[in-house]
Amino acid sequence: PRDVSSSMARFGTLREIGEGSYSTVYAGFDKEKRVAVAIKACLKKQIIKEKKAQYVHREKNVLARIAAAAAGGHPLIVSLFATLQDEAHLYFILSLAEKGDLLHLMLRQADKRFPLNAGVFYVAEITAAIHFCHSLSIVHRDLKPENVLIRSTGHIMLSDFGSCKDLSDQPQQPESTAAAASSAPRLQRRASFVGTAQYVSPEILAGEPTTRATDYWSLGVVIYQLLTGRHAFDDESEYLMFRRIRGGGSGKPTYSFPSDFPREAKDLVEKLLLLEPQLRLGCADVREKSIGVAHSPHHESALREHPFFTSHNVPWDDILSMTPPVVDH
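Start counting the sequence shown at 1; every next residue gets the next number (the numbering used here).
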């Protein structure tokens, strides 16, 4: 690889703001454009060691697709401004989330959860972001509060597309559901490849192909977490957690609501956390075991028109006109 020290000299690093298994993220500054940026430095030897090259390339390609489709970038999705490399590193120059991520913002609240009005705001913006991704046949597959970043304005940016699935790629082949169900360790390994244990959908655990309904399941889990401060399916082990997600033979996932959980939010969560993907709200056009369902604005509207959103007058056609909630930072 060519040496890009002169190109990287254009960017100054201010402080470390995050760290992953093969990357470190810094708050930085573009000296030419005089704007704040995030610099994600990925260590090549670690990428190779962890066999993560496909994740890195997938994220780069998907963010480039989003930028092209949204005339330079979508306001609710992280933007990739440039990629550079030297002998040891790959560098992603990204939009900066000055206020961190949604999980840490939630944990800074007085009771470690958001009030309803704040929850509606964040869920509405997350929903708008994933709907845009679905319009490009992109399923995020790792939707969780840690991957929802907060701009200085208080609006969100959906991030971390390394685990996403592009349904416009080669058709998926279903995995053996019998093999998936026979071994807890195998379930755990699979989950690590396609998302995070607490948010993974039952069809992914069963080895079935990804559809956009996968993101709707995760959205239901996120809504529950933002309004309670805890995970819907927490248990003593991943094996027990996965049994709760898949229902343990009961035909429905195993979780419960606290007594003060808002009624309209409860109804929405119950309509998203259904074992059958095509029965989830907004997913009527998702056929069972489908290998590539086209985006459908008609069915998408079923989710947007739920009282959880309509009772708060969410302006879907001008989502950025919503005023960010006043929360503890």
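No residue lacks a Cβ here, since even glycine has one placed at the ideal position from N, Cα and C.
For the beta strand (DSSP E) that contains residue 157, what are its first and last residues? As a first step, residue 157 is located in the sequence shown; it is residue number 157 there, counting from the start. Start and end: 156-158.
Who are the Cβ neighbours of residue 14 in its own chain at under 8 Å, not counting the five residues just before and after it? By one-based count along the sequence shown, residue 14 stands at place 14. Cβ neighbours of residue 14 within its own chain (closer than 8 Å, five residues either side excluded): 26, 27, 28, 29.
Find the nearest neighbour of residue 318 within the set 21, 19, 76, judged by alpha-carbon distance. By one-based count along the sequence shown, residue 318 stands at place 318. Among 21, 19, 76, the Cα nearest to that of residue 318 belongs to 76.
Using 6 Å as the cut-off, classify the Cβ of residue 17 as near or not near the heavy atoms of the ligand NAP, replying yes or no. This structure lacks the ligand NAP; in fact it carries no ligand of any kind.
Please classify residue 28: does DSSP put it in a helix, a strand, or coil? On the sequence shown, position 28 is the one that residue 28 refers to. Here DSSP, grouped into helix, strand and coil, assigns residue 28 to strand.
Residue from 203, 303, 215, 162 whose Cα sits closest to the Cα of residue 64: Residue 64 sits at position 64 when you count from the first residue of the sequence shown. Nearest of 203, 303, 215, 162 to residue 64, Cα basis: 162.
Rounded to whole angstroms, how far is the Cβ of residue 118 from the Cβ of residue 327, which I believe are closer than 8 Å? Along the sequence shown, one-based indexing puts residue 118 at 118. Along the sequence shown, one-based indexing puts residue 327 at 327. Yes, they are in contact, since the Cβ atoms of residue 118 and residue 327 sit about 6 Å apart, within 8 Å.
Could you pull out every residue in the same chain whose Cβ sits closer than 7 Å to the Cβ of residue 82, ignoring the five residues on either side in sequence? If you number the sequence shown from 1, residue 82 lands on position 82. These residues qualify, in order along the chain: 93.
Residue 184 - DSSP class collapsed to helix/strand/coil: By one-based count along the sequence shown, residue 184 stands at place 184. Legend: pLDDT at residue 184 = 38, less than 50; position of this residue unreliable, no value from coordinates given.
Going by DSSP, what residue range makes up the beta strand (DSSP E) through residue 89? Taking the first residue of the sequence shown as 1, we reach residue 89 at position 89. Per DSSP, the unbroken beta strand (DSSP E) holding residue 89 starts and ends at 89-94.
To test your reading of the DSSP string, which unbroken alpha helix (DSSP H) runs of 4 or more residues are found completely within the segment 229-256? With a minimum length of 4 residues, the continuous alpha helix (DSSP H) runs that stay inside the segment 229-256 are 238-246.
Can you tell me whether DSSP reads residue 80 as helix, strand or coil? Here residue 80 refers to the residue found at position 80 when the sequence shown is read from its first residue. Reduced to three states, the DSSP call for residue 80 is strand.
Is the Cβ-Cβ distance between residue 211 and residue 165 less than 7 Å? The sequence position of residue 211 within the sequence shown is 211, counting from 1. The sequence position of residue 165 within the sequence shown is 165, counting from 1. The criterion of a C-beta distance shorter than 7 Å is not satisfied by residue 211 and residue 165.
Indicate the three-state DSSP secondary structure (helix, strand or coil) for residue 49 in the structure shown. Walking along the sequence shown from the start, residue 49 turns up at place 49. Of the three classes helix, strand and coil, the one that applies to residue 49 here is helix, per DSSP.
Can you list the alpha helix (DSSP H) stretches of 4 or more residues lying completely in the segment 94-130, in chain order? Segments of the alpha helix (DSSP H) lying fully in the segment 94-130: 102-107.
In the DSSP assignment, find the unbroken alpha helix (DSSP H) run with residue 269 in it and report its ends. Residue 269 sits at position 269 when you count from the first residue of the sequence shown. Run containing residue 269: 263-272, per the alpha helix (DSSP H) assignment.
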